[in-house]
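Protein chains in written order, with my numbering: chain A, 73 to 632; chain B, 73 to 632.
Every residue gets a Cβ at the ideal spot worked out from N, C-alpha and C, and that includes glycine.
These figures come from a predicted structure and were not determined experimentally.
The structure under discussion appears below in the form of structure tokens.
Protein chains: 2
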Amino acid sequence: MSGYHPTIPQARQPGDGDVPLPAHSANYTPLSPLSFIARSAEVYPDQLSVIHGDLKYTWSESYQRCQSGAARLAALGISTGDVVAVIAPNIPALFELHFSVPMTGAILNAINTRLEAATITHILEHGGAKVLFVDKDSTAVVTDAIKTMSEPPLLISIDDGEATGDAISAIEYESFIDASYLRDELPAIDANWKWSLPEDEWQSISLNYTSGTTGKPKGVVYHHRGATMNALSNITGWHMGPHPVYLWTLPMFHCNGWCFPWSLAANAGTSVCTRTITAEAIYHNIEAHGVTHFCGAPIILNFIVNADKSIVKPLPHTVNIMTAAAPPPASVLLAIEALGFHITHTYGLTETYGPAVMCAWKPEWDALDDTERAKLKSRQGVRYQVLDQLDVLDPETLAPVARDGKTIGEIMFKGNIVMRGYYRNAQANEDAFRGGWFHSGDLAVMDPDGYVRIMDRSKDIIISGGENISSIEIEDALYAHPSVLEAAVAAKADEKWGETPCAFVALKNGESASEQELIDWCREKLAHFKCPKTIVFRELPKTSTGKIQKFKLREWAKEV
Amino acid sequence: MSGYHPTIPQARQPGDGDVPLPAHSANYTPLSPLSFIARSAEVYPDQLSVIHGDLKYTWSESYQRCQSGAARLAALGISTGDVVAVIAPNIPALFELHFSVPMTGAILNAINTRLEAATITHILEHGGAKVLFVDKDSTAVVTDAIKTMSEPPLLISIDDGEATGDAISAIEYESFIDASYLRDELPAIDANWKWSLPEDEWQSISLNYTSGTTGKPKGVVYHHRGATMNALSNITGWHMGPHPVYLWTLPMFHCNGWCFPWSLAANAGTSVCTRTITAEAIYHNIEAHGVTHFCGAPIILNFIVNADKSIVKPLPHTVNIMTAAAPPPASVLLAIEALGFHITHTYGLTETYGPAVMCAWKPEWDALDDTERAKLKSRQGVRYQVLDQLDVLDPETLAPVARDGKTIGEIMFKGNIVMRGYYRNAQANEDAFRGGWFHSGDLAVMDPDGYVRIMDRSKDIIISGGENISSIEIEDALYAHPSVLEAAVAAKADEKWGETPCAFVALKNGESASEQELIDWCREKLAHFKCPKTIVFRELPKTSTGKIQKFKLREWAKEV
Numbered sequence: 073m074s075g076y077h078p079t080i081p082q083a084r085q086p087g088d089g090d091v092p093l094p095a096h097s098a099n100y101t102p103l104s105p106l107s108f109i110a111r112s113a114e115v116y117p118d119q120l121s122v123i124h125g126d127l128k129y130t131w132s133e134s135y136q137r138c139q140s141g142a143a144r145l146a147a148l149g150i151s152t153g154d155v156v157a158v159i160a161p162n163i164p165a166l167f168e169l170h171f172s173v174p175m176t177g178a179i180l181n182a183i184n185t186r187l188e189a190a191t192i193t194h195i196l197e198h199g200g201a202k203v204l205f206v207d208k209d210s211t212a213v214v215t216d217a218i219k220t221m222s223e224p225p226l227l228i229s230i231d232d233g234e235a236t237g238d239a240i241s242a243i244e245y246e247s248f249i250d251a252s253y254l255r256d257e258l259p260a261i262d263a264n265w266k267w268s269l270p271e272d273e274w275q276s277i278s279l280n281y282t283s284g285t286t287g288k289p290k291g292v293v294y295h296h297r298g299a300t301m302n303a304l305s306n307i308t309g310w311h312m313g314p315h316p317v318y319l320w321t322l323p324m325f326h327c328n329g330w331c332f333p334w335s336l337a338a339n340a341g342t343s344v345c346t347r348t349i350t351a352e353a354i355y356h357n358i359e360a361h362g363v364t365h366f367c368g369a370p371i372i373l374n375f376i377v378n379a380d381k382s383i384v385k386p387l388p389h390t391v392n393i394m395t396a397a398a399p400p401p402a403s404v405l406l407a408i409e410a411l412g413f414h415i416t417h418t419y420g421l422t423e424t425y426g427p428a429v430m431c432a433w434k435p436e437w438d439a440l441d442d443t444e445r446a447k448l449k450s451r452q453g454v455r456y457q458v459l460d461q462l463d464v465l466d467p468e469t470l471a472p473v474a475r476d477g478k479t480i481g482e483i484m485f486k487g488n489i490v491m492r493g494y495y496r497n498a499q500a501n502e503d504a505f506r507g508g509w510f511h512s513g514d515l516a517v518m519d520p521d522g523y524v525r526i527m528d529r530s531k532d533i534i535i536s537g538g539e540n541i542s543s544i545e546i547e548d549a550l551y552a553h554p555s556v557l558e559a560a561v562a563a564k565a566d567e568k569w570g571e572t573p574c575a576f577v578a579l580k581n582g583e584s585a586s587e588q589e590l591i592d593w594c595r596e597k598l599a600h601f602k603c604p605k606t607i608v609f610r611e612l613p614k615t616s617t618g619k620i621q622k623f624k625l626r627e628w629a630k631e632v
Numbered sequence: 073m074s075g076y077h078p079t080i081p082q083a084r085q086p087g088d089g090d091v092p093l094p095a096h097s098a099n100y101t102p103l104s105p106l107s108f109i110a111r112s113a114e115v116y117p118d119q120l121s122v123i124h125g126d127l128k129y130t131w132s133e134s135y136q137r138c139q140s141g142a143a144r145l146a147a148l149g150i151s152t153g154d155v156v157a158v159i160a161p162n163i164p165a166l167f168e169l170h171f172s173v174p175m176t177g178a179i180l181n182a183i184n185t186r187l188e189a190a191t192i193t194h195i196l197e198h199g200g201a202k203v204l205f206v207d208k209d210s211t212a213v214v215t216d217a218i219k220t221m222s223e224p225p226l227l228i229s230i231d232d233g234e235a236t237g238d239a240i241s242a243i244e245y246e247s248f249i250d251a252s253y254l255r256d257e258l259p260a261i262d263a264n265w266k267w268s269l270p271e272d273e274w275q276s277i278s279l280n281y282t283s284g285t286t287g288k289p290k291g292v293v294y295h296h297r298g299a300t301m302n303a304l305s306n307i308t309g310w311h312m313g314p315h316p317v318y319l320w321t322l323p324m325f326h327c328n329g330w331c332f333p334w335s336l337a338a339n340a341g342t343s344v345c346t347r348t349i350t351a352e353a354i355y356h357n358i359e360a361h362g363v364t365h366f367c368g369a370p371i372i373l374n375f376i377v378n379a380d381k382s383i384v385k386p387l388p389h390t391v392n393i394m395t396a397a398a399p400p401p402a403s404v405l406l407a408i409e410a411l412g413f414h415i416t417h418t419y420g421l422t423e424t425y426g427p428a429v430m431c432a433w434k435p436e437w438d439a440l441d442d443t444e445r446a447k448l449k450s451r452q453g454v455r456y457q458v459l460d461q462l463d464v465l466d467p468e469t470l471a472p473v474a475r476d477g478k479t480i481g482e483i484m485f486k487g488n489i490v491m492r493g494y495y496r497n498a499q500a501n502e503d504a505f506r507g508g509w510f511h512s513g514d515l516a517v518m519d520p521d522g523y524v525r526i527m528d529r530s531k532d533i534i535i536s537g538g539e540n541i542s543s544i545e546i547e548d549a550l551y552a553h554p555s556v557l558e559a560a561v562a563a564k565a566d567e568k569w570g571e572t573p574c575a576f577v578a579l580k581n582g583e584s585a586s587e588q589e590l591i592d593w594c595r596e597k598l599a600h601f602k603c604p605k606t607i608v609f610r611e612l613p614k615t616s617t618g619k620i621q622k623f624k625l626r627e628w629a630k631e632v
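This is how it looks when you write it as structure tokens:
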């Protein structure tokens with residue numbers, strides 16, 4: 073007992089000279105990815121921004137084209153809060169609209185090119201797009217989609233020279249963004265018009281309809297703040313260097329290409345556009361343009377792993393692939409890394425700006441054997457640097473599940489890269505944000521090291537004799553079989569067990585395997601109650617983004 | 073004229089189902105670097121966070137220590153808006169206070185260890201610190217500084233085992249953060265206390281007094297938002313990979329170590345602490361700990377370039393150095409890159425969270441010859457990815473100067489990494505933010521490619537016969553002379569010309585050069601009116617951060 077008692081000068085307050093130190097134009101700017109394109113045009117005017125076939129643009133050219141497109145939209149009266157839609161594959165116009173539309177304050181609604189007309193009608197009516205840019209290959213379906221609309225959007229055709237369909241409109245995108253194009257079809261561009269950052273970084277930047285394996289698609293709204301933070305986190309998380317050469321295998325209409333148009337603007341990278349997504353195209357672009365990075369669903373990995381030997385070439389440098397959408401089977405991970413690709417496994421949803429979780433790799437894992445490494449890497453992982461919280465919670469009580477790698481709960485998110493909300497859908501917002509968390513609908517366990525491992529979508533879990541069975545676990549076992557190209561498992565109603573697993577399998581070209589052989593294979597690897605009771609050999613139904621359409625499998629399973 | 077007139081459905085509005093999509097706990101989190109340490113502790117608990125001599129901490133340990141320190145501060149009544157000061161070199165306690173103090177909501181005031189007592193008194197009185205942590209080597213000066221204070225802060229001693237001074241207080245830092253330390257000297261830590269993020273990301277996180285070459289130091293206030301954005305921009309701009317090993321050559325009390333404590337938390341890097349900043353210590357730490365990155369004023373580069381041959385070792389990998397504070401002379405850049413170091417040149421002020429401008433390197437410059445590359449790299453460059461605007465403006469009209477590499481104006485900033493403002497100094501804020509820009513006081517030209525090149529501090533420019541002469545240009549010429557170790561130039565009053573340049577030069581050990589020889593050397597390289605009329609050989613006076621104290625040179629120049 074020293075007798076010393078601390079005294080803190082509690083009374084000390086800032087004196088009369090204090091000022092409130094408010095925000096003002098010198099020290100506050102709304103966060104927006106539009107700042108990134110302005111900077112790259114300023115700092116790297118001659119660096120390549122876009123390659124599309126023989127076409128090349130620099131960052132100063134891209135910026136000029138985006139500003140010009142924005143000015144024309146503004147001349148048409150498009151401004152803050154309006155929705156501008158586009159339906160196109162990964163071509164330069166779609167990339168540019170990621171900047172030109174928000175430059176006017178409007179909201180970009182990029183629509184999946186593989187949707188059927190009725191869904192496109194729903195999206196256009198629900199989103200209320202005022203302008204719709206249409207790639208020529210989508211003319212037929214859009215013509216069909218707008219037939220029943222009393223007030224269809226203004227249509228602009230996009231003709232990149234590679235599409236074969238008719239133009240949907242007399243106005244073509246290149247004329248649209250050309251200030252010297254002066255016809256009475258279009259209001260002239262005001263040479264004095266200048267874009268500006270949103271006044272509020274919470275302003276909406278895009279509207280993405282979930283690809284929705286069931287039900288009507290919901291419109292997910294992103295804001296400038298979230299797009300900025302995810303664009304930066306893509307760079308820091310994936311450790312992208314300066315000027316990456318990024319191949320657009322992932323559709324830009326899918327979560328705004330996981331925010332990579334904006335990441336590439338931040339890092340002055342090059343977007344290599346392509347309509348053709350095959351192993352051959354991937355190897356060609358690596359060779360021709362020095363591609364360093366690309367993203368894609370596991371179907372892309374499958375393309376590469378199962379490519380004809382004549383296509384495969386030694387890589388001139390490590391090519392980084394970010395994959396997500398479904399847990400890549402360990403066998404596929406191993407095979408693709410053996411070819412010299414480096415895989416980063418991420419996870420996210422449309423509602424989280426695309427990737428918001430990543431299987432952050434630890435140096436000490438390098439020393440593990442192949443199988444162990446692949447097993448670790450097939451986990452979804454940990455939160456992005458800018459995601460505030462990721463947890464696996466009991467969906468009812470919202471209490472965290474035990475970190476035991478066994479207890480199943482629902483993956484939930486909190487943070488700046490969670491969507492602003494669903495557009496015009498109060499009920500869906502209430503459900504999704506119940507209890508102050510975003511509910512993903514994905515079921516997972518939390519491993520003892522804090523890495524999340526998805527077991528299933530809520531609706532994909534198979535409950536057999538009271539036991540939860542992960543369809544993914546069975547799929548992993550099937551993928552490991554040398555003859556299996558693709559596998560997916562759904563619940564089949566069963567009088568005795570409630571449900572049993574029914575597997576749908578596509579075999580590799582020239583390979584064969586019997587139902588019993590595959591069931592026996594699974595029984596060697598899995599608890600017997602988890603093994604499929606039925607195996608159906610057939611091609612698997614997929615969404616345009618390569619996700620297997622489990623709802624179709626569930627329907628088929630009923631009929632088996 | 074096609075007769076086609078576009079119609080846009082102007083009347084279309086979001087329907088009744090719309091919701092305002094407000095911010096709430098699932099989709100909004102205040103930006104704060106405290107999120108980074110929480111994540112690194114969660115994701116990389118066993119990764120090394122801190123090395124100090126034989127001492128090593130992991131991220132989970134560092135996080136635990138910071139939380140414990142914060143809990144003790146909270147037990148003392150420290151909370152939002154309070155100032156907590158520290159005076160220490162680059163030791164673990166100073167690193168930890170960068171997290172523990174803001175965890176309580178309070179503001180960290182890290183004080184330069186080399187200041188004289190009177191200035192420390194001023195800082196403590198002006199900032200109003202309630203608690204002051206004191207490294208044992210600073211006991212004497214702090215004892216002196218608080219002598220005249222009617223209500224000094226609560227003093228806590230820091231003893232890392234390497235300092236030689238007495239303890240200033242019976243309470244030592246390790247006891248302070250140890251929850252099991254229960255004496256009546258200190259209120260007990262409440263085991264249920266938990267830190268939380270600030271409610272508002274605009275909340276102050278730190279208070280840094282400018283090292284001030286003249287006048288009373290001003291207190292620069294940073295907020296959580298700016299610290300977060302600069303921490304990320306350090307990573308994306310410098311292209312730091314995962315787990316960098318960072319050597320603390322740059323004082324953490326200088327602009328919070330340019331925000332690197334927070335960058336390292338974001339990237340789960342390792343802080344190698346050291347009190348000794350010599351070439352020998354740098355080479356030792358590279359070898360012993362695999363240092364990959366460090367920062368420092370050009371004086372650090374000088375240490376390395378002029379190191380004794382016996383110290384220099386081949387580097388095991390590229391070691392990245394970020395330098396700033398003064399434009400590094402081309403000769404120094406060349407010499408250090410020849411040793412295998414990679415230099416990134418940045419620029420900023422205390423008011424811009426440290427570096428906010430960088431000489432972004434372009435791939436095409438790699439092919440240029442050494443001298444040309446060094447010349448390009450000695451420029452200050454372009455804005456950081458998260459800085460909204462950087463420009464060189466006429467200080468009166470605020471019009472941008474011509475981008476001709478010749479017209480001198482003042483460097484000004486806008487954006488999220490401009491300080492909140494000066495603490496309790498309304499007049500200084502009014503001056504610094506006049507016209508909606510932050511006025512740096514640094515004079516520069518804008519090169520045609522948009523890169524800023526500093527010519528001088530406003531007060532360092534020499535006006536001779538009506539011509540502006542950049543002292544830096546003369547210094548560059550002098551540095552290129554093989555015998556010159558350091559050079560600095562100040563204005564000397566002159567009846568005929570108004571001012572003339574007076575050079576102060578320190579020669580390398582064992583080298584010699586006469587005044588006339590150096591003047592002739594300059595005349596070969598510079599316009600004659602720019603050459604020094606007088607040369608004084610002597611050691612140069614420096615601030616603790618390695619900046620040459622030009623105000624002293626100006627005084628001396630009067631007496632020459």
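Under DSSP, A:V473 forms no beta bridge with any residue.
B:F325 counts as buried, since at least 16 other C-beta atoms from the protein chains shown sit within 10 angstroms of its C-beta.
In the three-state reduction of the DSSP assignment, A:Q461 falls in the strand class, which pools E and B.
Beta-bridge analysis with DSSP links A:T606 to A:C574.
Between B:Y494 and B:K290, the C-beta gap is smaller than 8 angstroms, which places the two residues in contact. Contact between A:V517 and A:G477 holds: their C-beta atoms lie close to 5 angstroms from each other, under 8 angstroms. The three-state reading of DSSP puts A:R595 in helix, counting H, G and I together. When C-alpha distances from B:S107 are compared across B:F375, B:E133, B:P174, B:G233, the shortest belongs to B:P174. Inclusion of B:S536 and B:E567 in the CB contact set at 8 angstroms is not warranted, their separation being larger than that value. In the three-state reduction of the DSSP assignment, B:H553 falls in the coil class, being assigned neither a helical nor a strand state. C-alpha of A:C345 to C-alpha of A:L166: approximately 10 angstroms in a straight line. At a C-beta separation below 7 angstroms, A:S107 has these neighbours in chain B: D460. Contact between A:L319 and A:V363 is confirmed by a C-beta separation of about 4 angstroms, below the 8 angstroms threshold. When secondary structure is reduced to three states using DSSP, A:S140 falls in the helix class.
Distance from the Cα of A:K486 is smallest, within the candidate group A:L470, A:N497, A:A500, for A:L470. In terms of beta-carbon proximity, B:K486 lines the interface with chain A, with at least one pair separated by less than 8 angstroms. When the Cα atoms are used, B:V464 and A:H96 turn out to be separated by approximately 20 angstroms. Contacts between B:A95 and chain A, judged by CB atoms closer than 7 angstroms, involve W274 in chain order. In terms of Cβ geometry, B:Q139 and B:W274 do not form a close pair [threshold 8 angstroms]. In this structure, A:F576 and A:L515 do not form a Cβ contact; the two beta carbons are roughly 20 angstroms apart against a cut-off of 8 angstroms. If only uninterrupted beta strand (DSSP E) runs of at least 3 residues are considered, those enclosed by the stretch 283-356 of chain A are 291-295, 317-319, 342-344.
Pairing B:I620 with A:A143, the inter-Cα distance amounts to about 50 angstroms.
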